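Top line first, the protein sequences correspond to chains A and B.
Note that my numbering has the first sequence beginning at -15, numbered continuously upward.
Note that my numbering has the second sequence beginning at 3, numbered continuously upward.
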Amino acid sequence: MSAADEAEVVAEGQAVEAVPKRAMTLSTGTSLTVLLVLLLIPLLVKNFIIFQMTMLLIYGLAVLALNILTGGSGQFSLGQSAFYAIGAYTSAILMEDFNVNYALTLPVAGIICFAAGFLFGQPALRLSGVYLALATFALATAMPQLLKLGYFEHWTGGVQGLVVTKPDAPEIIESALKVVHLKMSQDMWLYYFTLVITVAIYLWSINLLRSRSGRAFMSIRDNEIAASSMGVNVALYKTLAFGVSAGITGVAGGLGAIAVQFVAPDSYTITFAISLFLGMVVGGVGWLPGSFVGAAFIIFVPNISESISKGLSGAVFGVLLFLVIFLVPHGARQVAIVGQQLAGRFRR
Amino acid sequence: MELFTNQILAGISTGAIYACMALAVVMIYQAIDHLNFAQGEMAMFSTFISWQLMQWGIPYWVAFVLTLIFSFAAGIVIERTLFKPLAKAPILTNVAGFIALFSIINSCAGLIWDFTIKQYPTPFGSAPFLGSQLISTHQAGMIGVTFLLLAALYFFFQYTRVGLAMRAAASLPESARLVGINTAWMIALGWGMAAGIGAIAGMLIAPVVFLEPNMMGGVLIYGFAAAVLGGLTSPLGAVVGGFLVGVFENLAGTYIPGVGNELKLPIALALIITVLVIKPAGLFGRPIIKRV
């Protein structure tokens, strides 16, 4: 019996691979280059692509949130779509029923989701590995049904969902641009708005993971028992990780509602939660910049596989996913590390 | 009172479906320590194979046996080619692999047999069973087959050499290897058996829920709920759990106000979470004690 238990311990320990703290981010130079590219893109492309880029940033935020939970504190979640839905509905209801400014709905969405995540983290405390995946899976499947409930129909619009108006750029910016004979489309404004929030949250997340709390998360991920004997309040930090992750997902959900201009229960099914999870695996677990690579994967790859074969798009998607798992098991992080080494050799 | 008994009977008959699926879930969990999210799709694909064989004029039971052989082989092939290389990878990677498999099988089935709903024959007939309108002979047959399967599994694990070897490989892989058991093949065998049981479950369920590529979605979730309730380590628990979930679902739908059909799914999920929090090992499972 005892040897079997030891085997269990080993298996549990390897649930999430340890990622060194430094390896979690990009260097400053690379980050600034990427930011510059992101700033310039909308000036060069059509509105539809700008919209897709906005969605990429939003999904990237949601994957980032999951990455903090899984890559940071080592807990699973297949239920992120539930928090995304709560965030989206909060924003939509505040905007449409209470006429709150769209920018102000986001912090509210974040706070409500933080609370929801923190509360869900309480029962999740007793679970780990497969069991936690299952419980969060249950949450994600239940969410669309709950949103359709008759009790909330007055607020949520039931199966029909809610339509959200798209915000214009603020007048100060519009009039400033008028001086130089330029116009900012709604899509473009929304893109920059999303970009600012994304960058802010990204920087905040990096700082979080470098802080005392971040170290606590990672110590729990690497060895829970050792962490608690070092004085880390395991229960508190585990639920806190859930809360933070849910909060960021909520903000992403709110942004998503504004960008898509529509919320409905069936947009937030388990399929969405699974794509976010895949985004994390493809981007590299625990590597924050990879979240955006993963988001690109889940937005563009289904389109690509559909263009390869309409009837078999699911199969092509699955095969591509297997290729990623087999060829680059550490996701985009591995590609980045190899790239860095090549660049280093080149410089010499 | 009659309403109550009727609901329990109805619950038992739907529970039989969940019990079948839960049995397959537990089988694979025993062999590989993971929940296979593609289990339902594998079962669905096997059911389609048997349907196709019957379309070609092969009698039911011959098609049944051929499908079992096919599923068993396919389970082993999937393990050997796709999941054996991932054995040492983190759980996360494995889950992603299951999702990829799910997507591939679902899409292929849709392409080969398209998404229209098909009738599926039953070998037991669909007359009322013992004069009760609530349980048909098919459902009674399904319950019978589930228990037969359970008995066969019990016999296999308790009294055959291979069964013993599989148990050894699952509980103490290293020691099992030292006494000469090929543990890698035992895992493959576990996949094959789970695929076979899934195929039986699929063929029994299909006359009730009809045959189509997405038929397993809801059933698999209830199967998970049943497996968790009964305990992921116990085949008997899975079957009992299946019946309990079926009964519970029906009673909740009838007696708790506001719970209509639309809330049945969240009820099952609330059940999963409650069980996991109160008794993570399930009713019949054995708790896993960790040594530091």
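Ideal placement from N, C-alpha and C gives every residue a C-beta, glycine not left out.
Source: prediction; values computed, not measured.
Strictly below 8 Å CB to CB, what residues from chain A border residue i?
i         : result
Thr95(B)  : Val265, Ile309 and Pro313
Leu37(B)  : Val114, Ala117 and Leu118
Leu84(B)  : Phe306
Pro87(B)  : Phe310
Phe100(B) : Per Cβ cutoff of 8 Å: no residues; Phe100(B) is ~10 Å from chain A at best.
Cutting at 7 Å between CB atoms, please list the residues of its own chain near residue i, excluding the five before and the five after it.
i         : result
Ala257(A) : Leu62, Gly63, Gln64, Ser65 and Ala124
Ala65(B)  : Ser52, Leu55 and Met56
Along chain B, in chain order, which residues have C-beta atoms closer than 8 Å to that of residue i?
i         : result
Pro107(A) : Ile275, Leu278 and Val279
Gly295(A) : Ser109, Gly112 and Leu113
Leu262(A) : Ala98 and Ile101
Ile258(A) : Ile101
Gly274(A) : Within 8 Å Cβ-Cβ: nothing; Gly274(A) doesn't reach chain B, min ~13 Å.
State the beta-bridge partners of residue i as determined by DSSP.
i         : result
Leu213(B) : Lys120(B)
Phe348(A) : Absent from the structure is residue 348(A), since the part of chain A shown begins at -15 and ends at 332.
Pro130(B) : Ser138(B)
Leu146(A) : Val247(A)
Could you compute how far the alpha carbon of residue i sits from the alpha carbon of residue j?
i         : j         : result
Leu11(B)  : Ser138(B) : 11 Å
Ile78(B)  : Phe72(B)  : 10 Å
Ser105(B) : Val269(A) : 22 Å
Gln57(B)  : Ala111(B) : 16 Å
Ala33(B)  : Ile33(A)  : 47 Å
Val312(A) : Pro87(B)  : 13 Å
Phe149(B) : Thr223(A) : 42 Å
Tyr161(B) : Ala153(B) : 12 Å
Leu20(A)  : Val147(A) : 33 Å
Phe47(B)  : Ala26(B)  : 15 Å
Leu206(B) : Arg205(A) : 43 Å
Arg288(B) : Val47(A)  : 36 Å
Phe53(B)  : Leu16(A)  : Going by the sequence as given, residue 53(B) is Trp instead of Phe. In a straight line, the C-alpha of Trp53(B) is about 59 Å away from that of Leu16(A).
Ile199(B) : Pro282(B) : 25 Å
Ala336(A) : Ala229(B) : Absent from the model: residue 336(A). The displayed extent of chain A is -15 to 332, so no value can be given.
Leu213(A) : Gly56(A)  : Reading the sequence as shown, one finds Ser at residue 213(A) and not Leu. So the alpha carbons of these two residues sit roughly 19 Å apart.
Leu37(A)  : Gly231(A) : Looking at the sequence itself, residue 37(A) is Met, so the reference to Leu does not match. One C-alpha to the other measures close to 22 Å.
Leu131(A) : Asn83(A)  : 21 Å
Thr7(B)   : Ile223(B) : 26 Å
Thr54(A)  : Leu155(B) : 37 Å
Val211(B) : Pro123(B) : 12 Å
Thr69(B)  : Tyr221(A) : 50 Å
Gln9(B)   : Pro237(B) : 25 Å
Gly101(A) : Phe67(A)  : 7 Å
Ile280(B) : Pro107(A) : 9 Å
Ser293(A) : Val300(A) : 8 Å
Met218(B) : Asn287(A) : 26 Å
Gly193(B) : Ala170(B) : In the sequence under discussion, the amino acid at residue 193(B) is Trp, which differs from the Gly named in the question. For Trp193(B) and Ala170(B), the distance between alpha carbons rounds to 16 Å.
Asn51(A)  : Trp271(A) : 7 Å
Ala40(B)  : Asp81(A)  : 42 Å
Interface residues of chain A around residue i at Cβ under 7 Å?
i         : result
Val247(B) : Ordered by position in chain A, no residue passes the 7 Å Cβ test against Val247(B), which lies about 13 Å from the chain.
Val230(B) : Leu118
Ala91(B)  : Pro313
Phe226(B) : Leu118
Short of 8 Å in beta carbon distance, which residues of its chain neighbour residue i, apart from the five on each side in sequence? Order them along the chain.
i         : result
Gly13(B)  : Phe245, Gly248, Val249, Phe250, Glu251, Asn252 and Leu253
Met195(B) : Met29, Ala33, Phe74 and Gly77
Phe98(A)  : Gly227, Val228, Ala230, Gly231 and Gly234
Phe158(B) : Val164 and Gly165
Phe226(B) : Ala24, Val27, Leu37 and Ile274
Thr256(B) : Leu5 and Gln9
List the residues of chain B whose Cβ lies closer than 7 Å to the Cβ of residue i, in chain order.
i         : result
Arg110(A) : Val279 and Pro282
Ala117(A) : Val97
Phe301(A) : Ser105
Val319(A) : Under the 7 Å cutoff, chain B gives no residues; its nearest Cβ is about 16 Å from Val319(A).
Thr125(A) : Ile223, Leu267 and Leu271
Gly268(A) : In chain order: nothing, as chain B lies at least about 11 Å away.
Ala122(A) : Leu271, Ile274 and Ile275
Mind pulling the chain B residues with CB within less than 9 Å of residue i?
i         : result
Ile181(A) : The premise fails here: Ile181(A) is roughly 28 Å from chain B at the closest Cβ pair, so nothing lies under 9 Å.
Ile34(A)  : The contacting residues do not exist; Ile34(A) stays about 29 Å from chain B at best.
For residue i, collect the residues of the same chain with a Cβ closer than 6 Å to its Cβ; drop the 5 residues on either side in sequence, then sort them by chain order.
i         : result
Val277(A) : Gly267 and Ala316
Glu43(B)  : Phe104, Ile107 and Asn108
Ala153(A) : Met168 and Trp173
Ser15(B)  : Ile137 and Gln141
Met168(B) : Met188
The region 183 to 196 of chain A in contact with the region 66 to 77 of chain A per 3-pair CB rule at 8 Å: no
Inter-stretch contact (C-beta, 8 Å, three-pair minimum) for the region 226 to 243 of chain A and the region 88 to 101 of chain A: yes
Cβ pair count under 8 Å reaching 3, the region 236 to 255 of chain A against the region 143 to 159 of chain A: yes
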